[in-house]
Amino acid sequence: MQSLWRDKDAEALIARYGADGIGRDIALCLYMTRLLGGDRRLVLHGGGNSSVKTQVFDVAGTETEVLCVKASGSDMARAEPRDLPALRLAELRRLRDLSVLAEGDMRGAQRACLLDGGAGDPSVETLLHAFLPHKFIAHCHANSVLSVTNQPDGLALTEALFRDCAVVVPYTMSGLALAQSAAEAYAIAPDCTGLVLMHHGLVSFAEDARTAYENMVALVSRAEDKVAAHHKTSPEIRGRAESLPRAEVAPILRGACALAERQDDEAITSDRLVFKFSHECGNSRLSGWRRHGALRRRRCGHARSRHPHQEQAADCARLG
Numbered sequence: 004m005q006s007l008w009r010d011k012d013a014e015a016l017i018a019r020y021g022a023d024g025i026g027r028d029i030a031l032c033l034y035m036t037r038l039l040g041g042d043r044r045l046v047l048h049g050g051g052n053s054s055v056k057t058q059v060f061d062v063a064g065t066e067t068e069v070l071c072v073k074a075s076g077s078d079m080a081r082a083e084p085r086d087l088p089a090l091r092l093a094e095l096r097r098l099r100d101l102s103v104l105a106e107g108d109m110r111g112a113q114r115a116c117l118l119d120g121g122a123g124d125p126s127v128e129t130l131l132h133a134f135l136p137h138k139f140i141a142h143c144h145a146n147s148v149l150s151v152t153n154q155p156d157g158l159a160l161t162e163a164l165f166r167d168c169a170v171v172v173p174y175t176m177s178g179l180a181l182a183q184s185a186a187e188a189y190a191i192a193p194d195c196t197g198l199v200l201m202h203h204g205l206v207s208f209a210e211d212a213r214t215a216y217e218n219m220v221a222l223v224s225r226a227e228d229k230v231a232a233h234h235k236t237s238p239e240i241r242g243r244a245e246s247l248p249r250a251e252v253a254p255i256l257r258g259a260c261a262l263a264e265r266q267d268d269e270a271i272t273s274d275r276l277v278f279k280f281s282h283e284c285g286n287s288r289l290s291g292w293r294r295h296g297a298l299r300r301r302r303c304g305h306a307r308s309r310h311p312h313q314e315q316a317a318d319c320a321r322l323g
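Here's what the structure looks like:
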């Protein structure tokens, strides 16, 4: 993986936003954010987040140290100044001493720190960005890194792969506990260039935006090389199933769709790639896809317990 950072492009963005009163730090964070968000190896569906710690003037004209962090739900590849709401950093850091903070309370506490009460909700990882000391921070869910962390022996593999450059943080749900764990992990190894969050993603940081971005590139490249060295060729699909007559399939589908208790958002498909995936997993039938938002898909790749009508419908889908 190569760095796409171009000083000329960064300076052009600084000049563009400077004309609107946007400071250099925020413009550089936007440039970093767009580079990360525009690379599908790092970010899918706009996920991930970024931040910068800087000084701004509040509505009363008082200079205040703030954390400008990506707003929840905004697309990193198309980030604008409004997508980096500013929060009072000192108030955020006071939360570190809490022993527990429910998700709803955390959201309320974060919103109470906003300089602009009408801004979008800050990222669910806001506290992680606040508790780490670095000026620029990037967080991504790179597939190559997850391909390492999510192996059966993922912890040992991850620690061996990143031992000289990043600290491994055990899996913890996003929120106060993860932010505290990340800050504690960094304190143990302050010379590291990033953190590997098990089964979650990567965090990179630095005192300048370019280094924070290129630290991310270096960490992901290391994971990509590891995955490439252990890549296995997928087996070929042999044989071809014959399609059933529509007259036989239609009544089964009607029965499946009429089930009052059915709540899953499912789709039946005969797509060749789905056949390939199911074949490689050793399944005798295709599983449904249950949607949980752009970044989460469940119940894929394994047989499920279904109503008989649904079993028949799945068998028909398998046969084309």
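Those letters in the sequence shown? Residues 4 to 323, by this note's numbering.
Heads up, the beta-carbon is just placed ideally off N, CA and C, and yes, glycines get one too.
Model, not experiment: these values are computed from the prediction.
- prompt: Is the stretch 161-174 touching the stretch 117-128 in the sense that three or more CB pairs, one from each, lie closer than 8 Å?
  reply: Touching, no, given that fewer than three Cβ pairs across the two stretches are closer than 8 Å.
task: Tell me where the alpha helix (DSSP H) around Cys260 begins and ends.
output: From DSSP, the alpha helix (DSSP H) with Cys260 extends over Arg249 to Cys260.
message: I need the boundaries of the beta strand (DSSP E) containing Gly197, first residue and last residue.
response: Boundaries of the beta strand (DSSP E) around Gly197: Gly197 to Leu200.
- prompt: For His202 versus Thr161, is the C-beta spacing smaller than 7 Å?
  reply: Not a contact, by the Cβ cut-off of 7 Å.
message: Less than 8 Å between C-beta atoms, sequence neighbours within five positions excluded: which residues of the same chain meet that for Thr37?
response: According to the sequence as given, residue 37 is Arg; it is not Thr. Excluding sequence positions up to five before and after Arg37, its CB lies within less than 8 Å of the CB of Met79, Ala80, Arg81 and Ala82, all in the same chain and listed in chain order.
task: Helix, strand or coil for Gly204, going by three-state DSSP, please let me know.
output: Looking at Gly204 - three-state DSSP - the assignment turns out to be strand.
- prompt: Relative to the C-alpha of His4, which residue among Lys235, Leu256, Tyr216 and Leu247 is closest?
  reply: It is worth fixing the name first, because residue 4 is Met in this sequence and not His. Just measuring C-alpha positions, the residue of Lys235, Leu256, Tyr216 and Leu247 sitting nearest Met4 is Tyr216.
query: Beta carbon of Leu179, beta carbon of Leu130: below 7 Å?
result: In this structure, Leu179 lies near Leu130, with their beta-carbon atoms less than 7 Å apart.
- prompt: Name the DSSP beta bridge partners of Gln58, please?
  reply: As computed with DSSP, Gln58 is found in a beta bridge with Glu68.
message: So if DSSP puts Cys143 in a beta bridge, which residue, or which two residues, is it bridged to?
response: According to DSSP, which records beta bridges pairwise, Cys143 is partnered with Leu205.
message: Are the CB atoms of Gly51 and His144 within a distance shorter than 7 Å?
response: Cβ distance < 7 Å, so His144 and Gly51 count as in contact.
Residue environment, Leu289, which counts as buried when at least 16 other CB atoms sit within 10 Å: With a pLDDT of 44 at Leu289, under the threshold of 50, the modelled position of this residue cannot be trusted; read the value that follows with caution. Buried, because 16 or more other Cβ atoms sit within 10 Å of the Cβ of Leu289.
- prompt: Hey, how far is the Cα of Ala89 from the Cα of Val72?
  reply: Those two C-alpha atoms are separated by around 7 Å.
query: Quick one: Cα of Val199 to Cα of Ala141, how far?
result: Cα-Cα distance, rounded: 12 Å.
- prompt: Measuring CB to CB, does Ser53 end up less than 7 Å from Leu70?
  reply: Pairing Ser53 with Leu70 gives a Cβ-Cβ distance that is not under 7 Å.
Continuous alpha helix (DSSP H) stretch holding Leu131: start and end: Counting along the chain, the alpha helix (DSSP H) containing Leu131 begins and ends at Thr129 to Phe134.
query: Could one say the Cβ of Leu158 lies closer than 7 Å to chain D's Cβ atoms, at least one of them?
result: The chain inventory of the structure shown lacks chain D, comprising one protein chain alone.
- prompt: Buried or exposed: where does Phe60 fall if 16 or more other Cβ atoms within 10 Å of its Cβ makes it buried?
  reply: By the neighbour-count rule (16 or more Cβ atoms within 10 Å), Phe60 is not buried but exposed.
task: Output the boundary residues of the beta strand (DSSP E) element that contains Arg99.
output: Annotation for Arg99: no beta strand (DSSP E) segment contains it, and DSSP assigns it neither H nor E.
message: Pairs of beta-carbons, one from the stretch 10-25 and one from the stretch 40-49, closer than 8 Å: are there three or more?
response: The stretch 10-25 vs the stretch 40-49: no contact.
task: Could you pull out every residue in the same chain whose Cβ sits closer than 6 Å to the Cβ of Arg99, ignoring the five residues on either side in sequence?
output: Beyond the five residues adjoining it in sequence on each side, Arg99 comes within less than 6 Å, by CB distance, of Phe134 in the same chain, given in chain order.
task: May I have the straight-line CA-CA distance separating Arg19 from Ala13, to the nearest angstrom?
output: Cα to Cα, Arg19 sits roughly 10 Å from Ala13.
Ala74 versus Ala261: straight-line alpha-carbon distance, rounded: Taking the straight line joining both Cα atoms gives about 41 Å.
- prompt: What's the call for Thr196, buried or exposed, on a 16-neighbour Cβ count within 10 Å?
  reply: By the neighbour-count rule (16 or more Cβ atoms within 10 Å), Thr196 is buried.
message: At the level of alpha carbons, what is the spacing between Phe208 and Leu39?
response: Those two C-alpha atoms are separated by around 13 Å.
field: Pro125 in three-state terms, based on DSSP
entry: Strand, per DSSP.
- request: Can you tell me which of Met176, Cys32 and Leu101 puts its alpha carbon nearest to the alpha carbon of Gln137?
  value: According to the sequence provided, residue 137 is His. The question's Gln does not apply to it. Considering only Met176, Cys32 and Leu101, the residue with the shortest C-alpha distance to His137 is Cys32.
- request: Mind checking which residues open and close the alpha helix (DSSP H) that includes Arg91?
  value: No alpha helix (DSSP H) contains Arg91, which is instead part of the beta strand (DSSP E) from Ala89 to Arg91.
query: Beta-carbon separation of Ser184 and Val127 under 7 Å?
result: Cβ distance not < 7 Å, so Ser184 and Val127 don't count as in contact.
field: Cβ-Cβ distance between Val223 and Ser150 below 7 Å
entry: It is not a contact, given that the beta carbons lie outside the stated cut-off.
message: Just to confirm my understanding: we take Ala297, look at its own chain, exclude 5 residues before and 5 after, and list those with CB closer than 6 Å. What are they?
response: At Ala297, the pLDDT of 38 sits below 50, so the modelled position is not reliable and the matter cannot be decided from this model.
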